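Chains as they are written, first to last, in this note's numbering: chain A, 177 to 413; chain B, 177 to 413; chain C, 177 to 413.
Built from N, CA and C at the ideal position, the CB exists for glycine as well.
Quick caveat: nothing in here was measured; it's all calculated off a predicted structure.
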Amino acid sequence: PTVAACAASGLTEFVGVCEFGNTQGLVIANLDQAIHEIMGFDKKYRSLGIIGARTGAGPQIMAADEAIKATNTEILKVELPRDTQGGAGHGSLIVFGAEDVSDARRAVEVTLDNLPKFFGDVYANDMGHLELQYTARASKCLTTVFGAPEGKAFGLILGAPAVIGMLMIDAAVKSADVDVLDYGSPAHGTSFSNEVFITVSGDSGAVRQAIIAGREVGKPLLAAWGQDCPSAHIPYI
Amino acid sequence: PTVAACAASGLTEFVGVCEFGNTQGLVIANLDQAIHEIMGFDKKYRSLGIIGARTGAGPQIMAADEAIKATNTEILKVELPRDTQGGAGHGSLIVFGAEDVSDARRAVEVTLDNLPKFFGDVYANDMGHLELQYTARASKCLTTVFGAPEGKAFGLILGAPAVIGMLMIDAAVKSADVDVLDYGSPAHGTSFSNEVFITVSGDSGAVRQAIIAGREVGKPLLAAWGQDCPSAHIPYI
Amino acid sequence: PTVAACAASGLTEFVGVCEFGNTQGLVIANLDQAIHEIMGFDKKYRSLGIIGARTGAGPQIMAADEAIKATNTEILKVELPRDTQGGAGHGSLIVFGAEDVSDARRAVEVTLDNLPKFFGDVYANDMGHLELQYTARASKCLTTVFGAPEGKAFGLILGAPAVIGMLMIDAAVKSADVDVLDYGSPAHGTSFSNEVFITVSGDSGAVRQAIIAGREVGKPLLAAWGQDCPSAHIPYI
Chain A
177 PTVAACAASG LTEFVGVCEF GNTQGLVIAN LDQAIHEIMG FDKKYRSLGI IGARTGAGPQ
237 IMAADEAIKA TNTEILKVEL PRDTQGGAGH GSLIVFGAED VSDARRAVEV TLDNLPKFFG
297 DVYANDMGHL ELQYTARASK CLTTVFGAPE GKAFGLILGA PAVIGMLMID AAVKSADVDV
357 LDYGSPAHGT SFSNEVFITV SGDSGAVRQA IIAGREVGKP LLAAWGQDCP SAHIPYI
Chain B
177 PTVAACAASG LTEFVGVCEF GNTQGLVIAN LDQAIHEIMG FDKKYRSLGI IGARTGAGPQ
237 IMAADEAIKA TNTEILKVEL PRDTQGGAGH GSLIVFGAED VSDARRAVEV TLDNLPKFFG
297 DVYANDMGHL ELQYTARASK CLTTVFGAPE GKAFGLILGA PAVIGMLMID AAVKSADVDV
357 LDYGSPAHGT SFSNEVFITV SGDSGAVRQA IIAGREVGKP LLAAWGQDCP SAHIPYI
Chain C
177 PTVAACAASG LTEFVGVCEF GNTQGLVIAN LDQAIHEIMG FDKKYRSLGI IGARTGAGPQ
237 IMAADEAIKA TNTEILKVEL PRDTQGGAGH GSLIVFGAED VSDARRAVEV TLDNLPKFFG
297 DVYANDMGHL ELQYTARASK CLTTVFGAPE GKAFGLILGA PAVIGMLMID AAVKSADVDV
357 LDYGSPAHGT SFSNEVFITV SGDSGAVRQA IIAGREVGKP LLAAWGQDCP SAHIPYI
């Protein structure tokens with residue numbers, strides 16, 4: 177970003193972009209009342225923090241969950257377009273509400289700062305992707321999106337194309353005593369993406385064990401068409 | 177289109193293609209009764225004009241609105257696949273009904289003729305696209321699709337990925353006194369596309385002012401990853 | 177597939193991949209009870225056969241229908257993501273249930289073996305695709321997905337982008353006396369794909385005639401932007 181970034185940085189609402197997932201963060205100090213009304217946002221949140229991406233929903237949601245822990249903001253909207261720029265999964269739109277613009281801005285900054293970490297256990301090639309996410313303590317973004325029990329360990333085990341996810345989720349739940357919160361498949365809980373996933377909760381060690389079991393079975397399956405599937409960043413689980 | 181176009185032009189139903197959006201126009205003189213029935217079309221419209229595209233819905237809808245003004249046809253169907261050939265938005269399928277095949281054909285021709293103009297305020301790069309549309313006088317296609325008041329000025333302000341659209345719509349409504357008709361977001365009023373948009377109505381000057389305000393804030397945001405975002409044709413607003 | 181295929185083939189659950197549609201087949205001998213429950217599968221089917229693809233739903237469904245005829249299995253799930261790796265159509269996830277793992281494995285093998293045939297009347301270029309499918313005797317996979325009368329001739333006539341499908345289905349029903357079972361369009365019976373299709377049943381000769389009529393009108397339309405549209409394999413209809 178050179179010439180163009182200069183142009184965007186002239187806007188007070190622009191917070192930044194992240195190369196991971198082609199993510200962008202913005203802030204609106206005083207949302208217009210007409211937009212408050214059509215989108216159904218509580219008017220006490222006069223400031224918005226906004227995160228959006230062409231590629232990736234899980235990493236952005238995980239990073240936003242960290243931002244919710246660190247700031248005085250609420251999650252107003254998490255929507256998942258069918259995107260990934262020709263890939264098998266989702267993009268994302270996440271809206272934080274705050275009474276003060278500095279809180280909204282801080283939430284966006286914390287999300288962008290944490291985002292690279294949560295691409296660490298995304299493994300991708302031309303055939304699809306695996307995504308694993310873990311936190312020892314889920315907060316309100318994960319509660320809103322996945323119904324995760326707040327303050328407990330949470331995990332996401334996801335494979336795309338969906339066929340791969342089917343084996344990953346079975347391997348995950350067989351490997352450890354975890355509670356399955358929900359699942360996603362092309363026609364259930366996704367935006368017709370080519371994914372199967374489960375979300376799990378429970379004892380921290382068990383959640384990690386389930387995630388690792390899913391990951392280890394997913395990697396050779398995603399590589400089975402002949403392409404390796406490297407991590408998008410640095411694995412953290 | 178050389179060899180292949182010859183083959184298609186041998187079909188009496190083929191009207192033409194347009195390079196903008198990879199759009200194609202067809203006509204069916206006497207639709208089979210079985211298709212009338214399964215698709216629920218009124219049988220008095222024995223002739224159909226059909227427009228379809230891989231990329232773009234707004235431009236085709238705007239051009240079809242011009243066709244409705246100019247011909248004795250009705251809009252029977254407007255459907256928006258999640259497409260754009262790997263991009264963030266929609267494709268389109270628009271069906272005109274007519275009692276006479278010459279009217280159906282004329283509607284398709286007028287649509288194809290007007291289509292390039294309405295790609296004039298589409299700005300795109302690898303990261304996404306902006307789309308702005310304006311007419312001084314909405315007709316029945318815009319009424320059907322967006323609930324636009326007939327005969328009044330109408331505007332569309334759209335940004336993709338959705339994060340960019342959020343700021344564009346706020347800037348638009350802050351800049352002028354317009355009525356917001358509806359909005360679209362990945363999970364509301366779209367086919368899970370990675371877009372946020374509003375449709376607006378009102379005084380002609382105010383509608384234009386809102387559109388221009390949205391456009392000016394959208395351009396630097398779409399360029400913020402480092403790629404410029406040129407118009408797909410010649411800006412008309 | 178060299179190094180990577182070795183890795184996958186070390187998994188007892190891995191059955192194979194097929195280059196057509198980037199399809200993969202797996203088997204799970206004893207599905208975990210937690211997955212049985214969240215996905216709502218009858219627990220008597222303790223073994224699953226799983227087929228999934230980034231590209232193509234019709235060919236995989238047709239091949240799975242052959243597998244149902246040849247094995248002691250049931251169809252538990254057929255889901256169609258909006259995929260095709262940037263194209264206009266669907267991917268697929270098909271789950272067979274069996275009481276015995278050898279039946280589940282056999283169903284996956286038969287599906288993979290039959291898959292190339294059913295890509296024979298898929299015609300594609302950068303603009304879209306045509307898909308034609310025919311069987312003299314529909315079985316339970318086609319019954320489940322399309323409501324096809326079991327044991328009768330069945331046909332699928334599909335064009336993408338949707339505009340092309342509109343003319344193909346009209347030409348098909350005009351050419352022969354067939355029963356139209358259902359249709360798909362971007363907003364009806366698809367996952368927002370850019371397709372229009374019908375499914376037909378009836379006398380074997382009539383079904384074939386309808387399919388061929390649809391195919392012949394579709395080819396020049398898909399080529400009308402200037403690219404030829406070759407078969408993905410060897411035409412069989």
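Secondary structure of Asp355 of chain B (DSSP, three-state): strand. A direct Cα-to-Cα measurement between Ala382 of chain A and Ala264 of chain A gives close to 28 Å.
Rounded to the nearest angstrom, the gap between the Cα atoms of Ile270 of chain A and Cys194 of chain A is 15 Å. Contact between Arg222 of chain C and Asp297 of chain C is ruled out by a C-beta separation of about 37 Å, above the 8 Å threshold. By the CB criterion at 8 Å, Phe272 of chain A and Gly225 of chain A fall inside the cutoff. Taking C-beta atoms as the reference points, Leu288 of chain B and Thr199 of chain B count as a pair closer than 8 Å.
Between the beta-carbon of Ile374 of chain B and that of Ile345 of chain B there is about 4 Å, and that keeps the pair under the 8 Å contact cut.
In this structure, DSSP gives Cys194 of chain A an extended state, which the three-state scheme calls strand. Looking at the DSSP output, Thr199 of chain B sits in a beta bridge with B:Cys194, B:Ala229.
Contact note: Ser367 of chain C reaches chain A through Pro362, Ala363, Phe368, using a C-beta cutoff of 8 Å and chain order. The residue among A:Leu306, A:Ser185, A:Val321 with its C-alpha nearest the C-alpha of Leu252 of chain A is A:Val321. Between the alpha carbons of Lys350 of chain B and Asn206 of chain A lies a gap of roughly 10 Å.
Rounded to whole angstroms, the Cβ separation of Glu371 of chain A and Gly335 of chain A is 7 Å, and the two are in contact under 8 Å. Beta-bridge partners assigned by DSSP to Gln309 of chain B: B:Leu332.
Apart from sequence neighbours up to five positions away, the residues of its chain that approach Ala246 of chain B with a beta-carbon distance below 6 Å are Val286, ordered along the chain. At a beta-carbon threshold of 9 Å, none of the residues of chain A lie near Ile204 of chain B; the nearest stands roughly 29 Å away. Around the beta carbon of Gln209 of chain C, fewer than 16 other beta carbons lie within 10 angstroms, which makes this residue exposed. Taking 8 Å as the cut-off, the Cβ atoms of Asp241 of chain B and Ala314 of chain B count as close. Using a Cβ distance threshold of 8 Å, Asp355 of chain C and Ser377 of chain C count as a contacting pair.
The beta carbon of Asp302 of chain A is closer than 7 Å to those of Gln403 in its chain, skipping five residues each way along the sequence. Close CB contacts of Lys316 of chain B within its chain, under the 8 Å cut and outside five residues either way in sequence, are with Asp241, Ile244, Glu250, Ile251, Glu326 (chain order). In this structure, the straight-line span from the alpha carbon of Arg281 of chain A to that of Val203 of chain A is close to 6 Å.
DSSP lists C:His266 as the bridge partner or partners of Arg258 of chain C. Within its own chain, the residues whose Cβ lies closer than 6 Å to the Cβ of Gly232 of chain A, once the five positions on either side in sequence are excluded, are Gly197, listed in chain order. In the three-state DSSP reduction, Glu213 of chain A falls in the helix class (H, G or I). C:Gly304 is the residue among C:Ile211, C:Ala338, C:Gly304 whose C-alpha sits nearest the C-alpha of Gln261 of chain C. Among the CB atoms of chain C, one or more fall inside 8 Å of the CB of Val339 of chain A. Close partners of Met215 of chain C in chain A (Cβ separation under 8 Å): Tyr359, Ser361. When DSSP states are grouped into helix, strand and coil, Thr375 of chain B belongs to the strand group.
Contact of Met342 of chain C with chain B by beta-carbon distance below 8 Å involves Leu202, Ile204, Leu224, Ile226, Gly228, Leu269, Val271.
Asp276 of chain A and Lys220 of chain A have their alpha carbons spaced roughly 10 Å apart. Chain order gives the chain C residues near Ala184 of chain B as Pro396, Leu397, Ala399, Ala400, where near means a beta carbon separation below 8 Å. DSSP places Asn206 of chain C outside any alpha helix (DSSP H), giving it a letter other than H or E.
For Phe294 of chain C, the three-state secondary structure derived from DSSP is helix. Annotation: Cβ neighbours of Ala264 of chain A in chain C (cutoff 9 Å, chain order): Arg230, Pro257, Asp259, Gln261, Gly267.
Nearest neighbour of Gly234 of chain B by Cα position, chosen from B:Glu307, B:Ala408, B:Gly216, turns out to be B:Glu307.
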